[in-house]
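Below is one structure, written out as structure tokens; the observations come after it.
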Amino acid sequence: MDLLVVLLTGLACALILLLAGQAGRWQKVSPALTTAYAAAAFLYFVFLAVHTPTDELYFRMPWAPSLGLSLSLRLDALSIFFCLLVSGIGAAVFCYTSGYLQGEKRSAAFHAQMLLFMVSMLGIVTASNVLLLYFFWESSTLTSFLLIGFHRHQRQARQAALQALLVTGFGGICFLVGLVLLGNAAHSFELEHILAARAELQAHPHYIVFCALILLGTLTKSAQFPFHFWLPSAMTAPTPVSAYLHSAAMVKAGVYLLLRLNPALGGTGFWVGSLLAAGMTSALAGGLFALFEDDLKRVLAYLTICALGLMVALTGIGTETAIIAAVLYVLAHALYKAALFLSAGAVERSIGSRTISELGGLAGTLPALAAVTALAALSMAGFPPLVGFTAKEELLAAAWDHPFRAPLASATVAVGALLAAGALLIFVSPFLGRMNTRQETGSAPPLVFTLPAAVLALASLFLGLLPDALSKGVIKDAAGAASGRELAVDLQWDGVTPAFWLSGISLALGLAVFRVTSRSAETRRRWLAATERFQLLRIYSGLLFLAQTFSNLTRRVLVRQPLRFYLLFAAGICAVFMLTPLALSPLPSLPVLEMFTVTDAAACAAIFLAALMVVRAGSAIPALTALTVVGLGVAWLFADFSAPDAGITQFGVEVLASLMMVAALYRIPRREALDPEPAVRSRDWAVALLFGTAFAALSFITLNSATGRRASDELVRAVADQGAGTNIVNIILTDVRALDTLGEISVLAASALGAYLLLTARSEVRP
Amino acid sequence: MNSCIIRGASRYLLPLMVLLAVYLFANGHYGPGGGFVAAVLASAAAGLLAVAHSIADARRVLRAAPLSLTAAGLCAAAAAGLAGPIAGKPFFFALWTGVPVPGFGKLELGTPILFDLGIALVVVGAATSILLRLFELEE
Numbered sequence: 003m004d005l006l007v008v009l010l011t012g013l014a015c016a017l018i019l020l021l022a023g024q025a026g027r028w029q030k031v032s033p034a035l036t037t038a039y040a041a042a043a044f045l046y047f048v049f050l051a052v053h054t055p056t057d058e059l060y061f062r063m064p065w066a067p068s069l070g071l072s073l074s075l076r077l078d079a080l081s082i083f084f085c086l087l088v089s090g091i092g093a094a095v096f097c098y099t100s101g102y103l104q105g106e107k108r109s110a111a112f113h114a115q116m117l118l119f120m121v122s123m124l125g126i127v128t129a130s131n132v133l134l135l136y137f138f139w140e141s142s143t144l145t146s147f148l149l150i151g152f153h154r155h156q157r158q159a160r161q162a163a164l165q166a167l168l169v170t171g172f173g174g175i176c177f178l179v180g181l182v183l184l185g186n187a188a189h190s191f192e193l194e195h196i197l198a199a200r201a202e203l204q205a206h207p208h209y210i211v212f213c214a215l216i217l218l219g220t221l222t223k224s225a226q227f228p229f230h231f232w233l234p235s236a237m238t239a240p241t242p243v244s245a246y247l248h249s250a251a252m253v254k255a256g257v258y259l260l261l262r263l264n265p266a267l268g269g270t271g272f273w274v275g276s277l278l279a280a281g282m283t284s285a286l287a288g289g290l291f292a293l294f295e296d297d298l299k300r301v302l303a304y305l306t307i308c309a310l311g312l313m314v315a316l317t318g319i320g321t322e323t324a325i326i327a328a329v330l331y332v333l334a335h336a337l338y339k340a341a342l343f344l345s346a347g348a349v350e351r352s353i354g355s356r357t358i359s360e361l362g363g364l365a366g367t368l369p370a371l372a373a374v375t376a377l378a379a380l381s382m383a384g385f386p387p388l389v390g391f392t393a394k395e396e397l398l399a400a401a402w403d404h405p406f407r408a409p410l411a412s413a414t415v416a417v418g419a420l421l422a423a424g425a426l427l428i429f430v431s432p433f434l435g436r437m438n439t440r441q442e443t444g445s446a447p448p449l450v451f452t453l454p455a456a457v458l459a460l461a462s463l464f465l466g467l468l469p470d471a472l473s474k475g476v477i478k479d480a481a482g483a484a485s486g487r488e489l490a491v492d493l494q495w496d497g498v499t500p501a502f503w504l505s506g507i508s509l510a511l512g513l514a515v516f517r518v519t520s521r522s523a524e525t526r527r528r529w530l531a532a533t534e535r536f537q538l539l540r541i542y543s544g545l546l547f548l549a550q551t552f553s554n555l556t557r558r559v560l561v562r563q564p565l566r567f568y569l570l571f572a573a574g575i576c577a578v579f580m581l582t583p584l585a586l587s588p589l590p591s592l593p594v595l596e597m598f599t600v601t602d603a604a605a606c607a608a609i610f611l612a613a614l615m616v617v618r619a620g621s622a623i624p625a626l627t628a629l630t631v632v633g634l635g636v637a638w639l640f641a642d643f644s645a646p647d648a649g650i651t652q653f654g655v656e657v658l659a660s661l662m663m664v665a666a667l668y669r670i671p672r673r674e675a676l677d678p679e680p681a682v683r684s685r686d687w688a689v690a691l692l693f694g695t696a697f698a699a700l701s702f703i704t705l706n707s708a709t710g711r712r713a714s715d716e717l718v719r720a721v722a723d724q725g726a727g728t729n730i731v732n733i734i735l736t737d738v739r740a741l742d743t744l745g746e747i748s749v750l751a752a753s754a755l756g757a758y759l760l761l762t763a764r765s766e767v768r769p
Numbered sequence: 006m007n008s009c010i011i012r013g014a015s016r017y018l019l020p021l022m023v024l025l026a027v028y029l030f031a032n033g034h035y036g037p038g039g040g041f042v043a044a045v046l047a048s049a050a051a052g053l054l055a056v057a058h059s060i061a062d063a064r065r066v067l068r069a070a071p072l073s074l075t076a077a078g079l080c081a082a083a084a085a086g087l088a089g090p091i092a093g094k095p096f097f098f099a100l101w102t103g104v105p106v107p108g109f110g111k112l113e114l115g116t117p118i119l120f121d122l123g124i125a126l127v128v129v130g131a132a133t134s135i136l137l138r139l140f141e142l143e144e
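Top to bottom, those sequences are chains G and Y.
So the first sequence is numbered by my numbering: it starts at 3 and just counts up by one.
So the second sequence is numbered by my numbering: it starts at 6 and just counts up by one.
Listed below in structure tokens is the structure:
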């Protein structure tokens with residue numbers, strides 16, 4: 003229950019910020035609110051991790067039992083590990099955001115969106131029902147879209163946000179299909195049942211299908227090859243977004259899912275093979291591309307792809323050491339990458355640029371930032387005694403112990419070298435060396451920028467110095483949960499093992515690679531331009547272009563003026579479909595209505611005459627008035643035939659609609675369009691008569707085939723049982739069929755929004 | 006519009022229309038009426054106010070931006086539905102309480118009334134936003 007409280011509090015805070023965000027005073031409160039929430043959540047999870055080591059917090063509430071969906075949340079060791087990461091790094095990032103977004107008008111909305119994202123992430127890692135997990139998965143995709151496109155006036159931001167949405171959304175749909183197949187194969191959508199059904203799942207004939215679909219979802223989310231291209235483009239987002247979503251939280255969701263499903267789906271050739279292939283390719287490609295980039299954040303983005311590739315590959319390998327290494331690497335990467343992003347943002351704020359070739363010698367002006375970046379970069383390169391070194395040792399040990407020792411070990415050493423080169427690129431080029439004369443001399447950034455980054459970097463140091471704290475604590479249980487059995491974890495430095503030598507080799511290689519690639523920015527630019535042609539981004543752009551061309555074509559064929567065209571088609575096809583079966587059955591006879599009085603006859607005559615006037619009117623306003631008379635006549639008939647509710651509603655809507663139509667038609671100049679040529683007129687008459695005949699025939703047949711049972715009988719019974727009033731229509735609308743009405747008013751709201759925008763659009767000039 | 010006939014008539018018509026709208030809403034569960042009709046009537050009253058006096062007056066009477074009213078209506082409708090699960094019942098389960106009113110007996114309030122209010126707000130917001138915008142374009 004407490005877990006639900008945590009999630010709901012986050013939602014409530016986000017809602018508060020969204021609703022109250024326009025007021026000025028919330029601009030100062032919002033970062034405090036979000037940081038407080040994240041810090042409180044972090045402390046809560048620490049408390050849980052320390053005090054309930056083996057118990058699992060469990061909450062379940064049935065939501066849609068017929069679909070197999072229940073609101074089940076479970077906190078086991080793996081979930082607590084990720085919750086600690088999400089909330090801890092969230093607290094640091096929110097603290098940083100308070101300084102970063104100063105002066106930004108929409109900062110309350112930003113904080114609300116970040117909070118919503120954090121709640122989605124917490125939901126992903128604690129969901130114990132795979133459909134619920136999918137729900138949180140997609141909400142993280144949506145909030146990521148909003149956050150990437152935060153600077154919505156910039157075209158680049160909009161494009162990057164759309165790219166992220168389309169790629170991860172596509173993966174999400176495949177993911178859903180895969181999850182449904184998985185749930186059907188395991189006969190339950192609850193994780194505990196799925197994880198226990200390992201043998202059944204792996205022997206299932208559709209195993210490869212749902213495995214592939216689920217892998218598609220995770221690979222798109224974690225920006226793996228070939229779906230990695232959205233991550234570097236997403237670097238147009240504000241730095242807190244990059245630090246939180248694209249290094250510590252959202253992209254880790256895919257890795258989390260792989261670790262979570264590993265006991266059930268892992269170990270087969272397909273699983274191991276595809277994860278190794280995708281992971282290692284992403285790692286090598288990401289590391290390589292990172293060295294060609296000139297933008298600090300894009301380098302970090304490619305290095306994230308590289309690190310995630312390593313994690314995916316390790317999860318694929320699936321041995322005990324590999325799983326421990328994967329979990330450890332998640333921790334190490336989150337800490338150092340967030341710190342690096344935060345300091346990159348701080349550099350950009352102080353100096354005004356984040357292009358590496360324009361920066362240099364900043365260690366003098368920004369000493370604190372230089373120290374933080376150095377620490378984090380050393381952790382990335384895997385230098386002792388930082389936690390990155392511990393992770394790298396485990397990683398290399400896992401590669402060395404594997405039967406495929408040679409290819410795996412050499413690939414891992416290569417990736418390690420690329421990471422080390424990237425670390426040197428991040429630190430050496432901007433901070434050491436000569437001061438670049440082109441850069442502005444900036445001042446040291448305020449404490450609120452450097453403090454969170456420093457905390458994260460120092461955490462890398464402390465956790466690296468105390469491997470026992472890690473091995474006996476959360477890592478052990480988390481890795482145990484991910485591999486499905488109890489593990490013995492010993493993260494002490496084992497001395498000079500083969501892994502240590504490999505580590506040294508990769509560091510040396512990294513230094514060499516760095517010396518080669520950093521010779522000049524010019525070489526890097528040329529290599530980047532050379533690889534442009536092979537970028538997968540072009541495939542995405544090509545597909546998008548195809549989709550847009552196709553929809554333009556469809557629009558040109560189907561969307562035509564005048565609007566009369568639609569009515570003609572709709573009425574004509576409807577009439578044909580209704581009259582053909584009627585033509586084959588006996589002629590209906592005129593019904594006898596006992597309740598038909600003189601006033602009703604008068605109303606019908608009025609309707610008929612008014613309809614005739616509509617057709618014969620010379621211009622818009624008289625036609626509209628006559629149309630209103632038709633509506634009022636129908637309202638009279640409703641009221642007279644004991645449907646007073648429908649009558650008043652018809653009356654009111656008629657008045658309102660004619661008000662709107664007069665206002666709209668007032669501006670239309672008089673044209674001869676109301677009197678088209680005789681041929682068109684005859685065609686219109688024919689279709690209209692057919693349509694009217696079809697409906698009249700339908701009504702006659704319906705009235706003649708009255709079976710003695712009235713539809714209202716059942717409704718009266720239902721209302722008498724459930725409702726608490728005497729107006730059946732209203733009770734049906736607001737009580738018995740409330741869900742339908744909710745859908746209807748949503749559509750009404752959406753169409754009002756659309757109409758309002760169409761009416762307003764002409765008066766604003768958009769950039 | 007500068008018509009003293011409409012202005013004079015609106016002085017009597019408008020209070021009547023608003024009163025009738027409130028009555029139709031309150032009595033919706035027991036007699037003809039309900040949220041939708043009340044909202045349509047209220048929007049027509051806003052339109053009449055805009056025609057008789059000025060569009061700015063109509064907007065001022067509405068007190069909030071019309072589309073915000075729509076959003077508030079959707080929130081109310083969703084909240085009426087979520088009251089059920091919070092009480093452990095299915096989605097959109099109707100919860101009723103009786104509020105004793107001295108001198109009149111018990112006033113039955115429940116989630117369907119809240120839902121009706123939501124419908125009314127959505128329709129008022131939607132109709133007024135389009136109507137007032139159309140009037141504004143004329144000028």
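Cβ coordinates follow ideal geometry from the N, Cα and C atoms, glycine included.
Minimum Cα-Cα distance from Ala501(G) among the listed residues Phe391(G), Ser146(G), Ile541(G) and Val182(G) corresponds to Phe391(G). Here DSSP, grouped into helix, strand and coil, assigns Leu388(G) to coil. Of all residues in the segment 656–668 of chain G, only Val657, Leu658, Leu661, Met662, Ala665, Ala666 and Tyr668 come within less than 7 Å of chain Y when Cβ atoms are compared, listed by chain position. In this structure, Ala236(G) lies away from Gly281(G), with their beta-carbon atoms at least 8 Å apart. When the beta-carbon positions are compared, Pro646(G) and Pro117(Y) stay at least 8 Å from each other.
Identification of residues in the segment 717–733 of chain G having a C-beta nearer than 9 Å to some C-beta of chain Y yields Gln724, Gly725, Ala726, Gly727, Thr728, Asn729, Val731, Asn732 and Ile733, given in sequence order. Here DSSP, grouped into helix, strand and coil, assigns Asp297(G) to strand. By the rule that beta-carbons nearer than 8 Å mark a contact, Pro37(Y) touches chain G. The beta carbon of Ala50(Y) is closer than 6 Å to those of Leu19, Met22 and Val23 in its chain, skipping five residues each way along the sequence. Rounded to the nearest angstrom, the gap between the Cα atoms of Phe231(G) and Ala26(Y) is 57 Å.
Not a single CB atom of chain G sits nearer than 8 Å to the CB of Arg12(Y). Contact note: Phe109(Y) does not reach chain G at a C-beta cutoff of 7 Å; the least C-beta distance is about 17 Å. For Ile216(G), the closest C-alpha among the options Trp638(G), Pro409(G) and Val257(G) is that of Val257(G).
In this structure, Leu741(G) is the residue among Leu741(G), Glu746(G), Leu755(G) and Ala763(G) with its C-alpha nearest to the C-alpha of Leu87(Y).
DSSP places Arg76(G) inside the beta strand (DSSP E), whose first and last residues are Leu71 to Leu77.
Met313(G) is not a Cβ neighbour of Val301(G), given a cutoff of 8 Å. For Thr102(Y), the uninterrupted beta strand (DSSP E) run begins and ends at Trp101 to Val106, by DSSP. In this structure, Ala51(G) lies near Leu86(G), with their beta-carbon atoms less than 8 Å apart.
Under the 8 Å criterion on CB atoms, Ala129(G) is classed as non-interfacial with respect to chain Y. Per DSSP, the beta bridge partners of Glu113(Y) are Gly103(Y). Per the coordinates, the alpha-carbon of His153(G) lies some 10 Å from the alpha-carbon of Arg108(G). At a cut-off of 8 Å between beta carbons, Gly633(G) makes no contact with chain Y. By the Cβ-count criterion, Pro624(G) is exposed, with fewer than 16 other Cβ atoms from all chains shown falling within 10 Å of its own Cβ. Per DSSP, the unbroken alpha helix (DSSP H) holding Tyr542(G) starts and ends at Leu539 to Leu560.
At least 8 Å separates the CB of Asp62(Y) from every CB of chain G. The three-state secondary structure of Thr283(G), taken from DSSP, is helix. Judged by DSSP secondary structure, His113(G) falls within the alpha helix (DSSP H) whose first and last residues are Ser109 to Thr128. Residues of chain Y whose Cβ lies closer than 8 Å to the Cβ of Tyr209(G) do not exist, since the nearest Cβ in that chain is about 35 Å away. Any Cβ of chain Y closer than 8 Å to the Cβ of Pro646(G) would place that residue at the interface, and such an atom is present. Taking 8 Å as the upper bound on Cβ-Cβ separation, chain Y lies near residues Leu735, Thr736, Asp737, Ala740, Leu741, Thr743, Leu744, Ile747, Ser748, Leu750, Ala751, Ser753, Ala754, Leu755, Ala757 and Tyr758 of the segment 734–758 of chain G. Looking at the DSSP output, Glu140(G) bridges to nothing.
Burial state of Glu679(G) is exposed, judged by a 10 Å Cβ sphere holding fewer than 16 other Cβ atoms. Beta-bridge pairing by DSSP links Glu192(G) to Asn131(G). Cβ contact annotation for Ala16(G) (same chain, cutoff 6 Å, sequence separation greater than five): Ala114, Leu117 and Leu118, in chain order.
Judged by DSSP in its simplified three-state form, Pro64(G) adopts strand. Within the same chain, and ignoring the five residues on either side of Phe653(G) in sequence, the residues whose Cβ sits closer than 6 Å to its Cβ are Ala637.
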